[in-house]
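UniProt numbering puts the first residue of the sequence shown at 1, with every later residue one more than the last. We put the CB at the ideal spot given by N, CA and C, even for glycine. Contents: one structure, followed by commentary.
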Amino acid sequence: MKTTFPLAVTLLLTASLLFSCKEESKKMEETVSIQETIEEPDVVSDVMTKEDQDKLTPQMVIDDFKAGNERFVNQKTTKRNHGEQIRKTALAQYPKAIVLSCVDSRVPVEDLFDQGIGDVFVGRVAGNFVNEDLLGSMEFATKVAGAKLVVIMGHKYCGAVKGAIDNAELGNLTAMLKNIKPAVNAVAEPQDKAIRNSKNDDFVEAVSNKNVLLNIDKTLALSPVLAEMQEKGEIKIVGATYDLSTGKVTFFE
1 MKTTFPLAVT LLLTASLLFS CKEESKKMEE TVSIQETIEE PDVVSDVMTK
51 EDQDKLTPQM VIDDFKAGNE RFVNQKTTKR NHGEQIRKTA LAQYPKAIVL
101 SCVDSRVPVE DLFDQGIGDV FVGRVAGNFV NEDLLGSMEF ATKVAGAKLV
151 VIMGHKYCGA VKGAIDNAEL GNLTAMLKNI KPAVNAVAEP QDKAIRNSKN
201 DDFVEAVSNK NVLLNIDKTL ALSPVLAEMQ EKGEIKIVGA TYDLSTGKVT
251 FFE
């Protein structure tokens with residue numbers, strides 16, 4: 001038996017369907033509109049200029065590094081146009097700081113401070129200790145190139161520190177680790193030789209931190225240039241440590 005709907009019912013159903021389609025279309029348009037208004041993060045292509053560098057104070061750079069590390073820890077680092085930064089820094093550089101770090105591959109210095117190309121000088125040696133070459137590099141970075149901050153940065157679970165603690169010997173590594181020995185000897189606790197080894201994480205961390213502090217003292221003692229600049233307030237020489245587990249940098253201030 002064929003069922004026939006009254007004309008009014010048919011018209012009502014048709015109107016309902018049309019209204020439903022319009023509402024759905026309107027919702028889709030609103031969704032697209034909202035998505036279009038969500039701004040993409042700004043892409044930074046600017047680089048440090050001489051004028052920018054001249055305006056900086058050592059404390060401003062420390063604050064900038066702390067803020068950058070906070071972004072790094074929270075995965076909110078700055079999006080950069082590296083190609084453009086490469087072109088703009090090709091003929092000149094005006095970095096904010098020089099960082100002496102360990103060679104450890106897990107310590108990406110520019111990244112963990114959220115810095116771009118041309119922002120930071122980086123010196124590396126296993127165990128982040130100073131020597132004549134690195135002191136010369138620091139003097140160039142500050143006195144010649146205008147950097148306002150020197151950071152000597154150690155890190156947790158440092159293999160070089162562990163090697164110095166355990167008296168590791170291997171080719172040139174043997175002589176290199178002698179540079180970290182003063183820090184091992186300077187940490188008095190624990191006195192028990194059975195636990196003064198690289199398996200004791202607290203001891204390793206204590207030696208790593210002491211190594212940073214001793215190398216700050218060594219820098220000031222062996223570089224009259226840097227010592228004078230710090231005394232005049234032109235630069236600051238500070239220590240820091242990097243936590244491999246969290247990405248957090250802690251400054252020794």
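- Distances from the alpha-carbon of residue 113 to those of 104, 96, 125, 157 put 96 closest.
- For the pair of segments examined, the segment 71 to 90 was found to touch the segment 246 to 253: the number of CB pairs separated by less than 8 Å reaches three.
- Proximity of the segment 121 to 129 to the segment 141 to 153 meets the contact definition, three or more beta-carbon pairs being nearer than 8 Å.
- Of 234, 94, 102, 65, the smallest CA-CA separation from residue 160 is found for 102.
- Residue 142 is not bridged by DSSP to any residue.
- The residue from 238, 93, 179, 115 with its alpha-carbon nearest to that of residue 153 is 238.
- Classified as exposed, residue 67 has fewer than 16 neighbouring CB atoms from the shown chains inside 10 Å of its CB.
- Secondary structure in the segment 91 to 153: the beta strand (DSSP E) runs of 3 residues or longer, each lying completely within the stretch, are 97 to 101, 120 to 124 in chain order.
- Residue pairing by DSSP places residue 252 opposite 239 in a beta bridge.
- When rounded, the separation of the alpha-carbon atoms in residue 191 and residue 197 is 11 Å.
- Burial check for residue 174: the Cβ neighbour count within 10 Å stays below 16, so the residue is exposed.
- Pairing residue 162 with residue 183 gives a Cβ-Cβ distance that is not under 9 Å.
- Look at residue 210 here: in three-state DSSP terms it is helix.
- Taking a contact to require three or more Cβ pairs closer than 8 Å, the segment 226 to 243 and the segment 54 to 62 qualify as touching.
- A direct Cα-Cα distance of roughly 20 Å separates residue 111 from residue 138.
- The three-state reading of DSSP puts residue 218 in helix, counting H, G and I together.
- The C-alpha of residue 189 is placed about 32 Å away from the C-alpha of residue 65.
- Counting other Cβ atoms within 10 Å of its Cβ, residue 194 stays below 16 and is therefore classed as exposed.
- DSSP lists no beta-bridge partner residue for residue 82.
- In this structure, the beta-carbon distance from residue 186 to residue 177 does not fall below 9 Å.
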